[in-house]
Each structure stands twice: as C-alpha cells, then as structure tokens.
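For the sequence shown, the working numbering begins at 3 and goes up steadily by one.
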Amino acid sequence: MSSPLRPPYRVAIIGTGAIAAAHATALTELPDQATLVAVVDVDPSRAEQFGTQFSVPTVYTDAAEMLDAEALDLVHICTPPQTHGPIALQVVRSGVAALVEKPTALSLRELDELAAAQDEHGAPVLTVFQHRFGAAGIRLRQFAEDGRLGRPLVATCNTLWFRDDAYFDVPWRGRWNIEGGGPTMGHGIHQFDLMLSILGPWAEVSAFAARQSRPTDTEDVSIALTRFENGALATVMNSVVSPRETSQLRFDFEHATVEVEHLYGYQDAHWTFTPALGHEHLATAWAESPSEEVSSHRMQIAAIFDAFTNGSEPGVSLTDARRTLEFAAATYASAFRGETICAGQLVGTDPFTRSMDGGMVPWKPVKNVAV
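Structure, rendered in structure tokens:
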C-alpha cells in the first residue's frame, strides 16, 4: 500500500464503461472510507465526462501516467476482460492493491503470473464477487462453517439469463480471445462463486457446453455436474438463451434447505429457509438480524476498506478467485474433452491453462475479431 492503512483511502478507477459507474456510485456512498481521486480511460472525452459526473479531480488517458503521478491505496479495474490481467499486473507492480472486475484473468496461467507479482510486490489482487458479501450469503456461510446445518448433501446453481443477438454486437462480447468465454465466464461465474464459497473446495467436474443459438464464438449454454471434497453433489447451469431470466441457488443440508432466487442482486427477502423436522429452531436463528441491503459492489468495497483498516485479509483473495476460475476452466475442459476433470488436473503445459477454450472448440467461430 502506498499510504498508511487508515481511511479515507485514495482510490482510482481504470476504465469508464458501464460497470465503472457501479464502482463510482459505491465509492460516493462511502465518503468516510474512500476518496475517488483519479480516473483513466483511453477515450479522453469519455474520461472527462465520467470525471465530471462523479466529481473526480483528475482524469488520465494512460494508466502508467496515473500510477506514476498519484499516491493510491486501491485501483479499480473496470476495463474489457482481456485487459484485466495485464492492467492488474501493472497496478500491483507499482505497489498498489488492485480490485479487478470478473474474470480476474482469462487463463489460469495469467492468474498465476498475478499471484507471483502479488507475492513479490506485497500488493493484493482482489476480484469483484459481490454476491459473497450480501447479508444472507454471509449468514449462510457462517451457518455452514459452524456445522449447525449438518453436512451439505445436494446443491443446484442456475444462472438462466437472456441476451439477444444485438447484445453481442459489442466487439469483445462472446469472443474467446477477448471475453474468455461465454456465460460460464461472464455471467454464471457470480452464482457459482457464491456456491463455492459456501460448499468449499470442489473435487471434480463433468460438463457439457454448446452454442445453441447466439452469434458467438463461445458457448451460450453450459451444464456441469460437480462433486465436492466434502461429498456434496451439485449441478451448475449457465445460459444466455433463457427468456424467463432468473438466478437460483439451492443448498440441501442435513438439517435444512436454503434457497435464493433473484436476478442481479439479492436481499434477505429473496431467500427461503426450510428446516428439517426437529430442527425448527434453525429457522428462528436464520431470521435474526434481517437486512434489506442488496448484494452489491458497495458491500464488497466497504468490506475491503474495513479489512485494510483492521489489518485483515480483504476479499475476494486471489486464492479464492483461482478456485472459481479453475472451476470455469474445468467446465470447458470437461465439455470439450468429454471427460471428468479433477481439481488440480489443469497444470503445466495443459492447453486449458493457457486459454479457456483449450484450442479445441467443437464448433466453428462465428466471427474473428482483430485485437
């Protein structure tokens, strides 16, 4: 960190696309914790417009120039996916913590390079997985960790969204070399990251992926069957061809079923808790301290600043992010190879450590976009 670990923290944003507004809005809601002091975009007019909208004192068109000029504690990286890894590497090498929009990187190899830089320069690389920080998600994680729900048995994780053909007119969407993958990497990753944070390390994945109808190089649907180290079994479905959009998670423990259905962010009201016979007291405990907050960027960013101040490890750490990215890589590897993939199997020179498609997509790319 470039300044003492006490608020307000000096923060910058690189990239001013749609998601950057969520970051900037969250920061304006945390005035005692942070000050947005700089913004970067390669488009000068867009940078100026964003700076004006969010009262940012200094705008830049070059990240290196900004990193040289500003004393910073945290840099938010809100650029297209293919740039996440290289920019995060640049930020960390300057000794500043990086908060990266998902996915952290486009490959396991790129993520491991970030881990090495993190260790060398002592600046953490964090990933935006805001659903971990919703009140009910935190409560479920605590209930699962302290054992009061009993053993996890079965889970389902569905991200069933709809994106029409026009959505993919944006050049970086639906391209392996730019976005890294389809709904497995760009949409469902938030839901199955939350699932992984509840159920712990996964052991093996068996999956299918297909391009059903969208004009993409990537899949538009994937389905995975997963076994966890604790013996739990789960199904994970990711789609952008589903007209009734929903995000669903269901966990069946020995002593209760816990479910959530929402779309892009949940509140306590989106959750249902059903105790098994003889465990009705768990429902009473679940209902304590209700929250109307939506799982959001603000909640994760506030937790990061709290960790900075308390000297604890902020989330979501690169270790946790790697487990999630490895799950995505295993889904693709299983689907394209037609075999079960075990945790830790994708290492060394395996093609799926270099890219999510592993160089073996079974369908012909729709477009080739020069980058």
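Each residue gets a CB set at the ideal place from its N, CA and C atoms; glycine is no exception.
May I have the straight-line CA-CA distance separating residue i from residue j, to the nearest angstrom?
i    : j    : result
A168 : A26  : 27 Å
Q302 : T311 : 14 Å
E315 : W365 : 42 Å
V13  : I79  : 11 Å
G17  : V363 : 30 Å
D121 : D322 : 15 Å
A258 : T54  : 50 Å
Q84  : A71  : 25 Å
P217 : R177 : 10 Å
A271 : W174 : 35 Å
A146 : S291 : 17 Å
G124 : H86  : 19 Å
G149 : A330 : 28 Å
D45  : F275 : 48 Å
L235 : G152 : 15 Å
E221 : V94  : 32 Å
A372 : V260 : At A372, the pLDDT of 46 sits below 50, so the modelled position is not reliable; the number obtained from the coordinates is stated separately. One C-alpha to the other measures close to 45 Å.
P88  : T286 : 48 Å
A289 : W273 : 10 Å
V349 : A119 : 19 Å
E67  : A90  : 15 Å
C344 : A205 : 6 Å
T30  : L327 : 30 Å
Am I right that residue i and residue j are in contact with their C-beta atoms under 8 Å? What's the rounded C-beta distance?
i    : j    : result
D219 : V156 : Going by Cβ atoms, the distance from D219 to V156 rounds to 34 Å, so no, they are not a contact pair.
A28  : S293 : At roughly 17 Å, the Cβ-Cβ gap does not stay under 8 Å, so A28 and S293 are not in contact.
A211 : A337 : 4 Å
E247 : F164 : 5 Å
L74  : V98  : 5 Å
A49  : V42  : 7 Å
Q214 : V223 : 5 Å
G202 : N160 : G202 to N160, Cβ: 20 Å. No contact.
A304 : L76  : Not a contact, Cβ separation roughly 12 Å.
S96  : L69  : 4 Å
L196 : G139 : 6 Å
Run through the DSSP bridge pairs and tell me what residue i is partnered with.
i    : result
V159 : The question names Val, but residue 159 in the sequence shown is Cys. Answer is V238, L251, bridged to C159.
L227 : S208, T237
H264 : S249
L376 : Outside the displayed span of the chain (3 to 373) sits residue 376, for which this structure offers no information.
W273 : V262
V102 : I79, T129
L243 : A quick correction: the sequence has Val, not Leu, at residue 243. Beta-bridge pairing links V243 to F164.
Counting only beta-carbon atoms, is residue i nearer than 8 Å to chain D?
i    : result
T355 : Among the chains in the structure shown there is no chain D, since it carries only a single protein chain.
Whole runs of the beta strand (DSSP E) within the stretch 275-355, excluding any shorter than 3 residues: If we require 3 residues or more, the stretch 275-355 turns out to have no beta strand (DSSP E) run fully inside it.
Inter-stretch contact (C-beta, 8 Å, three-pair minimum) for the stretch 56-70 and the stretch 322-342: no
Given 8 Å, three or more beta-carbon pairs between the stretch 270-288 and the stretch 102-111: no
Three or more C-beta pairs below 8 Å linking the stretch 238-246 and the stretch 264-273: no
Uninterrupted beta strand (DSSP E) stretches inside the stretch 11-85 (no shorter than 3 residues): 11-16, 36-42, 60-62, 76-79
Entirely enclosed alpha helix (DSSP H) segments - the stretch 131-182, minimum 4 residues: 137-147, 178-181
Three-pair Cβ contact test at 8 Å for the stretch 127-135 versus the stretch 176-188: no
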